[in-house]
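First residue of the sequence shown: 1, per full-length UniProt numbering; consecutive thereafter.
The beta-carbon is built from N, C-alpha and C at its ideal position, and this holds for glycine as well.
Being a predicted model, the structure only gives us computed values, none of them experimental.
Input: a single structure, listed below in structure tokens.
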Amino acid sequence: MIDHVRPAFLRLSVISIALYFLRLLIRLRRMTCMALLISPPPRPPPPPPPPTTSPSSSSSCLHHKTFSKHHQQPSSKLDQQLDHHQILPNNINNGIKNKLDGRGATNFSDEVNNKPSRKRPARLVVPSTGLQDSIEKVKRMDNIMNMKEFEVIQGRDFFLASKKGRREVMEDRHAVVLDISGDPKQAFFVVIDGHGGHQAADYVAKNLGKNIVNELQGVGKAGNQIEAALRGGYSATDKEFLAQDVHGGACAAGVLLKDGEVHAAHVGDCKVVLSRKGKAITLTNEHRLSREDERERIENSGGFLHCHNGVWRVNGSLAISRAFGDVHLKDWIICEPEIVKLPLTSECEFLIVASDGLWDRVSDQEAVDVVSRERNNLLESCRKLVQISSTRGNRDDITVMIINLHNFKIITTHAHDHADHIIAPARPDSSNNYNHK
């Protein structure tokens, strides 16, 4: 019996062991397959070292990297402005595109070009050549775009307030030259109203006073010599600007205070008004086409005048007859100023020099009355005049300058005798309905 059972038991044991090893083998194969599935792919061979670059190529990389770093973490005022304004003016964008589309393009190094693109594209790409010039252009335009809506300035003997109108860019400017020839009683003040852009107004503000001071060198007290110097300064500034080959123009009303006299010189429709014992004395006559003498002058020189909705325009374009610039109309839009001179007496209180943004809504006498009520705070007077014009619907740029005449007077025994004989150019009857710009 035992002999029959033992072989059967042995057979069962062998079968059990075989099944055990078979099960173990299957489990090992399964684990091997799982390990193969989750194992990482083999690493690619390391890239070959980059080729040696020339000094110019390294410089390109350096410029680009520096600009990108500033773009990500602005550390200067200009970088903060670039981050704030995501959309740059069209003329700058076009200039950058021209540099990158094959016209004056600059090649960056392979290291820079092979960088992966960012999720947020750079706002400005500047080639390494001309980098500083491009940044300066952006900075200047950014300053223009960020001009204050309302600005007040208090200087020595003058006060100013200005407000931007409906246009995107403020086109009014002003300039002051004090202590001419080292004399505190000699000064030049001017308010400028640009049209067709701000370039002409910028140029006049920077150069007119300088050119007049140059013309005054060696000039005595004779009135005709001072008048010739003023005309020379206006003419030189106009010719210099025309040589820039830039479109646009500018009106200007300037005041030269010299040797106890005031000389008012203007082109266009900016105006100078004197307060004499509270009475408004208009020293300028706007160069508008409502003046018959200006229309005749233009027609006699071959110009074409067109009247639409009650507004006369030269060649259907401009509604003023004299200005700086306007190269396409220069045969008729001259820059010859009309000049008025009068002595400063004890009755002369202040001058108001302003762009047409004020005078189209505020009369000469009303402006003098507003300032007279605020004689102890002339800066507040400037602000009030700007606000009055704005509340009456003016949408043009407004600039108002008030000049305190107290420190410029040189009282003589004969000054008062001549004061009543000053006659400003005849002023046409104006209904303030000339929407000329």
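Among 276, 310 and 305, nearest to residue 321 - alpha-carbon criterion: 305
Whole-angstrom distance between residue 352 and residue 389, CA atom to CA atom: 15 Å
Rounded separation between residue 264 and residue 307 - CA only: 30 Å
Cα-Cα separation, residue 382 to residue 402: 7 Å
CA nearest to the CA of residue 270, picked from 283, 259, 314 and 278: 283
Residues bridged to residue 275 [DSSP beta-bridge criterion]: 280 and 350
Contact the region 212 to 229 vs the region 278 to 295: 3+ CB pairs below 8 Å: no
8 Å contact criterion, which residue 344 and residue 260 should meet: CB distance rounded: 5 Å
Burial state of residue 339, where buried means 16 or more other Cβ atoms lie within 10 Å: buried
Supposed close pair residue 360, residue 394 - CB separation, criterion 8 Å: 6 Å
Per-residue burial, residue 362 [other beta carbons within 10 Å of its own, 16 or more giving buried]: buried
Cβ-based neighbour list, residue 278, same chain, cut-off 8 Å, excluding 5 preceding and 5 following: 349, 368, 369 and 372
Three-way DSSP call (helix, strand, coil) for residue 29 in this model: helix
Segment contact flag, the region 209 to 217 with the region 192 to 199, C-beta cutoff 8 Å, min 3 pairs: no
Where the beta strand (DSSP E) through residue 215 begins and ends: Here residue 215 belongs to no beta strand (DSSP E); instead the alpha helix (DSSP H) covers 199 to 216.
Backbone secondary structure at residue 405 - three-state DSSP: coil
Residue 328 (DSSP reduced to helix, strand or coil): helix
Pick from 241, 246, 326 and 268 that is closest to residue 204, judged by C-alpha positions: 241
Close Cβ partners of residue 201 (< 6 Å) along its chain, the five nearest in sequence each way excluded: 171, 173, 192, 194 and 250
Close-in-space but distant-in-sequence residues of the same chain around residue 256 (CB under 6 Å, 5 per side omitted): 188 and 263
Residues that residue 340 bridges to, as DSSP identifies them: 264
Contact belief for residue 314 with residue 325 at Cβ below 8 Å, rounded distance in angstroms: Contact doesn't hold; Cβ gap of about 14 Å is too wide.
Span separating the alpha-carbon of residue 377 from that of residue 311: 38 Å
Own chain partners of residue 248 with C-beta closer than 7 Å, once the 5 adjacent residues on each side are dropped: 194, 195, 196, 197, 199, 200 and 325
Proximity to residue 220 [Cα-Cα], best of 258, 233 and 235: 258
Chain C within 9 Å of residue 184, Cβ atoms only: In the displayed structure, chain C is absent; only one protein chain is listed.
Selected residue, minimal CA-CA separation from residue 281, among 332, 341, 238 and 232: 341
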